[in-house]
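For reference, the structure is listed below as structure tokens.
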Ligand SMILES: [Zn+2]
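In my numbering, the protein residues as written are 1 to 306.
Okay, here's the thing in structure tokens:
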């Protein structure tokens with residue numbers, strides 16, 4: 001069996017795909033219902049970076065070796081990709097400067113019925129960015145250059161108290177309390193009003209642009225499921241396999257036919273590894289989970305009183 005380098009789960013095409021080997025090759029489509037098996041080999045290298053100016057993902061020039069954990073980019077790729085500039089709003093290079101001068105949107109993203117975060121995305125990447133974050137719904141509240149958008153995001157965070165990041169564990173807990181499109185629109189409009197009453201915006205207000213994303217994740221959990229196994233660490237030679245029951249942004253939900261549990265696998269844990277990769281559309285692959293360290297996450301039960 002051949003080893004493929006796993007580059008990660010991305011939504012560049014508007015659908016979830018597992019990129020392997022080279023970023024310029026089409027990824028493996030991750031549709032709900034497929035059977036997937038990943039067997040890590042213990043060997044891990046940098047996954048390269050996303051070049052915003054060219055709108056393409058680039059491979060790591062040094063193919064630098066990486067340790068286990070949540071960081072899958074070498075220092076050089078973090079800088080080449082403008083990750084530093086995008087995260088901090090500080091242009092530390094000409095490239096970073098170019099990135100920040102592009103048009104950006106300030107958005108509010110909804111998870112479940114009661115978690116709203118503020119964020120900034122380059123306008124051209126908006127849809128992909130929101131899908132990769134697994135937002136259930138979103139609304140755009142302002143646009144401007146990258147620096148102005150970051151300033152407004154910070155003000156909304158400090159003055160209106162909205163978080164800038166939501167933990168994956170929280171997103172998973174919200175899987176069974178999804179707002180309807182009407183509810184989501186109402187919650188996001190109300191939050192927008194609240195934000196506008198508390199933050200003096202330095203960017204022009206827009207007609208709010210609402211999008212309902214949740215059906216895109218195609219989540220089909222077993223109806224009697226009460227909890228998830230959230231994988232927070234993998235051994236170097238871990239094996240994870242099962243039937244895909246949804247792709248929540250960059251996190252795969254895999255149903256294990258042996259223990260009847262659903263495992264949540266975050267892309268960052270597998271990125272960069274050489275792995276035996278099997279993907280079957282119709283034919284079952286034997287479920288196997290070894291070398292996996294997972295936490296228990298309770299799901300809210302529809303119809304329960306508390
Ligand atoms: Zn690199």
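Note that beta-carbon positions come from the ideal geometry of N, C-alpha and C, so glycine has one too.
Query: Beta-carbon spacing of residue 106, residue 153 below 9 Å; Result: yes
Query: Reference residue 227, options 253, 3, 240, closest by Cα; Result: 253
Query: Pair within 9 Å by beta-carbon distance, residue 120 and residue 146; Result: yes
Query: DSSP-derived helix/strand/coil call for residue 299; Result: coil
Query: Of the residues 12, 71, 208, the one placed nearest residue 51, counting alpha carbons only; Result: 12
Query: Environment of residue 298 [buried if 16+ CB atoms lie within 10 Å]; Result: exposed
Query: For residue 306, the three-state DSSP class (helix, strand or coil); Result: Residue placement at residue 306 is flagged as unreliable, the pLDDT there being 41, under the threshold of 50; the coordinate-derived value follows with that caveat. It is coil, neither helix nor strand.
Query: Segment contact, 8 Å Cβ cut-off, at least three pairs: the stretch 135 to 144 with the stretch 221 to 235; Result: no
Query: Closest residue to residue 213 among 114, 129, 199 (Cα-Cα distance); Result: 129
Query: Residue 293 - partner residues in DSSP beta bridges; Result: 233
Query: Cut-off 7 Å between Cβ atoms - residues of its own chain near residue 230, not counting five sequence neighbours on either side; Result: 169, 172, 264, 294, 295, 297
Query: When 292, 246, 219, 111 are compared against residue 179, the one with the closest alpha-carbon; Result: 111
Query: Reduced DSSP secondary structure (H/G/I, E/B, other) of residue 227; Result: strand
Query: Beta-carbon proximity check, residue 256 vs residue 287, cutoff 9 Å; Result: yes
Query: Residue 251: CB within 8 Å of a non-hydrogen atom of ligand 1; Result: no
Query: Rounded separation between residue 197 and residue 134 - CA only; Result: 28 Å
Query: Extent of the continuous beta strand (DSSP E) run through residue 116; Result: 115 to 122
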